[in-house]
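In the UniProt record's numbering, the protein residues as written are 1 to 651.
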């Protein structure tokens, strides 16, 4: 969602129109990379260096499954868990045994597949956040096939076969791979740079190139604590020009209780799936006739977006930002100057020729804001300068990676840039943190996880500059009073950063804020509080399960006549509600119980029932989704209570 980038301004942009000392040229980075859900979010990357090479090679292929994982449950230690009486699911990072179980499950599954389907070719099989997967070159699989594979896995587990690690030379590994005719393994072998080559055997019946780790024997896997979940298509190495493989996903846990808890959690997440709710409540759609990854906001969804945008604009103006509107295209040369064509060309659409000049759809808004900044000279007294925009950008995504509102090809990002002096850095970053907290609280997000990432191995800039930039971020966090963890070496190549994840109603954590720092003069801080409006809307839908609070609901009240005789009075009531800024509509044509059920299904916060008595007394009988029966009210009283609830953001 929200990202912050704190970096230097490229001298190639500012050199003509600034009176301040200029920084060295630095291509502007792409601030969107942390806004999507790439495969990295699905994977718990191993912290042990010796495990990374095969695992990273495995997960670098791209994912056919949406990278919105269903298990992001906070980790607690055993003592706290026992005290709370609440089962807390472990993660790959918190439980080495769980990681080993999941990795071994992937191997056992591959062995089972090749026993049942001898012509299947194996590729890769890593562990992921909720379990494991393995990719096979074979005929398409069905749910019945998954049941057969699960039974074969159970037999392998029951045999309690040992897992044995072996080190061989590269030549020996090549001979063995050629002997079993596994072309994908040969390609993987070529990508492994270190020697010797490690192989893991299951008994003396099956083996795989692997760095481990694994459990000692297959019997260490509880066959009642894992399931095969689904099968999907996945291109080899994530390249649409390469063969389409069959990817089998599974989930694995230490015991049956954990599996049951995960399945319950998964079912709740399914109930909250924004794609289903978006269709049921008629909020948005992806029209295939127009193209994948392009969002159509329907009237009700557009109302919610309007509310989000209005709130965003109001808050930014109160915090001293000037609002901008900038073009959707620009000359291709602009993206060369900014560095995007060098670093992010694969995420940009093809250029278009207009009157013998090449133009480019914008992948981000940063260069435009810098052009606005450098339109005139600035003195020291002008700073800080804060500009913000709800700017639509376009980025190329493979069709297999598109996922509802979470991964799209065109989206509107709430970008802002702060131009400030060196002695203003801490104050401005603190202001960004305050603004972020204020906006996220408006939408019901109050729990955060904060990480401060330091200089990576490959980085630009002097050590003292990195140190000062890191200290600036630390000081702002300390001043804010937020607790945070240090992620050593996790910063961007051009500066340290603060990552902020918000926690939703299910305890899932979503990447929200990133402040990335590079210290020069003048300073530019880039940040996006909500990130993509499309993705933020998807998170809101799942956070509330479509049951938006009254102030945010697209339709706040439905007026329901007992019979059509009261329809005229109902229209008068709706007219009064609308004239007082309340979103309301009349529903009729069905018996009252059906009208109430329909309103409940549409998650309407308030229902105002009108019968003969209500017409006579100029009142309505009110029912709330959240509060039940509220009794009979005069129209003015009903309007006043709604306005007060909206103002206080209650109900």
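Backbone N, C-alpha and C define an ideal beta-carbon position, used for all residues, glycine too.
Exposure label - residue 650; buried when at least 16 CB within 10 Å: Here the question's residue 650 lines up with position 650 in the chain shown. Residue 650 comes out exposed.
Exposure label - residue 180; buried when at least 16 CB within 10 Å: Numbered from its first residue, the chain shown carries residue 180 at position 180. Per the 10 Å Cβ criterion, exposed.
Cβ contact check for the region 338–346 and the region 372–382: 3 or more pairs under 8 Å: no
Contained beta strand (DSSP E) runs [length at least 3] in the region 131–197, N- to C-terminal order: 131–137, 163–168
DSSP-derived helix/strand/coil call for residue 400: Working through the chain shown from its first residue, we reach residue 400 at position 400. Residue state, collapsed to three classes: helix.
Span separating the alpha-carbon of residue 83 from that of residue 474: Within the chain shown, numbered from 1, the residue matching residue 83 stands at position 83. Within the chain shown, numbered from 1, the residue matching residue 474 stands at position 474. Low per-residue confidence applies at residue 83: pLDDT is 42, beneath 50, and the placement is therefore not dependable enough to give any value.
Start and end residues, alpha helix (DSSP H) containing residue 571: Along the chain shown, one-based indexing puts residue 571 at 571. Taken as a continuous stretch (DSSP letters only), the alpha helix (DSSP H) holding residue 571 covers 567–579.
Contact the region 197–212 vs the region 110–123: 3+ CB pairs below 8 Å: yes
Beta-carbon spacing of residue 136, residue 123 below 8 Å: Here residue 136 corresponds to residue number 136 of the chain shown, with the count starting at 1. Here residue 123 corresponds to residue number 123 of the chain shown, with the count starting at 1. Against a cut-off of 8 Å, the Cβ pair of residue 123 and residue 136 comes out as a contact.
Span of the alpha helix (DSSP H), counted from its first residue to its last, around residue 236: For the purposes of this step, residue 236 is taken as residue 236 along the chain shown, with counting starting at 1. Per DSSP, residue 236 belongs to no alpha helix (DSSP H) and is neither H nor E.
As assigned by DSSP and simplified to three states, the class of residue 623: What you label residue 623 is simply residue 623 of the chain shown in a count that begins at 1. The answer is strand: DSSP assigns residue 623 an E or B state.
Unbroken beta strand (DSSP E) run spanning residue 529, endpoints: Position 529 of the chain shown, counted from the start, is the residue given in the question as residue 529. Element bounds for residue 529: 523–532.
Burial state of residue 579 (16 or more Cβ within 10 Å): Here residue 579 is taken as the residue at index 579 of the chain shown, counted from 1. Under this definition residue 579 is an exposed residue.
Whole-number beta carbon distance between residue 285 and residue 298, since they are thought to touch under 8 Å: On the chain shown, position 298 is the one that residue 298 refers to. On the chain shown, position 285 is the one that residue 285 refers to. Sure, about 7 Å apart at Cβ, within 8 Å.
Given residue 99 as reference, the closest of 129, 411, 421 once Cα atoms are compared: Here residue 99 is taken as the residue at index 99 of the chain shown, counted from 1. When each option's Cα is compared against that of residue 99, the closest is 129.
Distance CB(residue 174)-CB(residue 161) smaller than 8 Å: In the chain shown, the residue the question calls residue 174 occupies position 174. In the chain shown, the residue the question calls residue 161 occupies position 161. For residue 174 and residue 161, no; Cβs fall outside 8 Å.
DSSP bridge partner residues for residue 252 (one or two, in chain order): For this step, residue 252 is matched to residue 252 along the chain shown. BP columns for residue 252 point to 226.
Own chain, CB closer than 8 Å to residue 157, minus 5 neighbours either side, in chain order: Within the chain shown, numbered from 1, the residue matching residue 157 stands at position 157. Once the five neighbours on either side are set aside, the close Cβ partners of residue 157 are 108, 218, 219, 221, 223.
C-alpha gap between residue 485 and residue 554, whole angstroms: In the chain shown, the residue the question calls residue 485 occupies position 485. In the chain shown, the residue the question calls residue 554 occupies position 554. If I take the Cα positions, the gap works out to 39 Å.
Buried or exposed (CB count within 10 angstroms, at least 16 for buried), residue 605: Here residue 605 refers to the residue found at position 605 of the chain shown. Buried: at least 16 other Cβ atoms inside 10 Å.
Selected residue, minimal CA-CA separation from residue 95, among 392, 125, 214: Mapped onto the chain shown, residue 95 falls at position 95. Checking every option, the nearest Cα to that of residue 95 belongs to 214.
Beta-carbon proximity of residue 532 to residue 413, cut-off 8 Å: Indexing the chain shown from 1 puts residue 532 at position 532. Indexing the chain shown from 1 puts residue 413 at position 413. Yes, Cβ-Cβ distance for residue 532 and residue 413 is below 8 Å.
Inter-stretch contact (C-beta, 8 Å, three-pair minimum) for the region 417–436 and the region 289–305: no
Own chain residues within Cβ distance below 7 Å of residue 165, not counting five before or after: Counting from 1 along the chain shown, the entry for residue 165 is found at position 165. Closer than 7 Å at Cβ, skipping near neighbours: 198, 200, 212.
Residues that DSSP places opposite residue 466 in a beta bridge: Within the chain shown, residue 466 is the residue found at index 466, counting from 1. BP columns for residue 466 are empty, so no partner.
Beta-bridge pairing of residue 333 - partner residues as DSSP gives them: Taking the chain shown and counting its residues from 1, one reaches residue 333 at position 333. Answer is none; residue 333 lacks a bridge partner.
Beta-carbon gap between residue 530 and residue 596 smaller than 8 Å: Reading the chain shown from its first residue, position 530 is the one you call residue 530. Reading the chain shown from its first residue, position 596 is the one you call residue 596. No, Cβ-Cβ distance for residue 530 and residue 596 is not below 8 Å.
Where residue 274 falls, given that 16 or more other Cβ within 10 Å makes a residue buried: Counted from its first residue, the chain shown places residue 274 at position 274. Burial call: buried.
Sequence-distant residues of its chain with Cβ nearer than 6 Å to residue 368 (five each side left out): Locating residue 368 in the chain shown gives position 368, where the first residue counts as 1. The answer, listed in chain order, is 326.
Distance between residue 402 and residue 35 (C-alpha atoms, nearest Å): Looking up residue 35 in the chain shown gives position 35. Looking up residue 402 in the chain shown gives position 402. For residue 35, the predicted model reports a pLDDT of 21, less than 50, meaning its position is unreliable and no value from the coordinates is stated.
Under the three-state DSSP convention, the category residue 8 falls into: Here residue 8 is taken as the residue at index 8 of the chain shown, counted from 1. Note that residue 8 has pLDDT 34, beneath the 50 cutoff, so the model's placement of it is unreliable and no number is given.
Cβ-Cβ distance between residue 225 and residue 281 below 8 Å: Stepping through the chain shown from its first residue, residue 225 is reached at position 225. Stepping through the chain shown from its first residue, residue 281 is reached at position 281. Cβ atoms of residue 225 and residue 281: not closer than 8 Å.
First through last residue of the alpha helix (DSSP H) which encompasses residue 109: Translated into positions along the chain shown, residue 109 becomes position 109. Residue 109 -> alpha helix (DSSP H) spans 96–116.
Same chain only: Cβ atoms within 6 Å of residue 625, ignoring 5 sequence neighbours per side: Taking the chain shown and counting its residues from 1, one reaches residue 625 at position 625. For residue 625, where only same-chain residues beyond five positions count, the Cβ hits under 6 Å are 605.
Per-residue burial, residue 653 [other beta carbons within 10 Å of its own, 16 or more giving buried]: Any answer about residue 653 is impossible in this case: the structure gives the chain only from 1 up to 651.
Which of helix, strand or coil DSSP assigns to residue 366: Here residue 366 corresponds to residue number 366 of the chain shown, with the count starting at 1. Note: residue 366 maps to helix in three-state DSSP.
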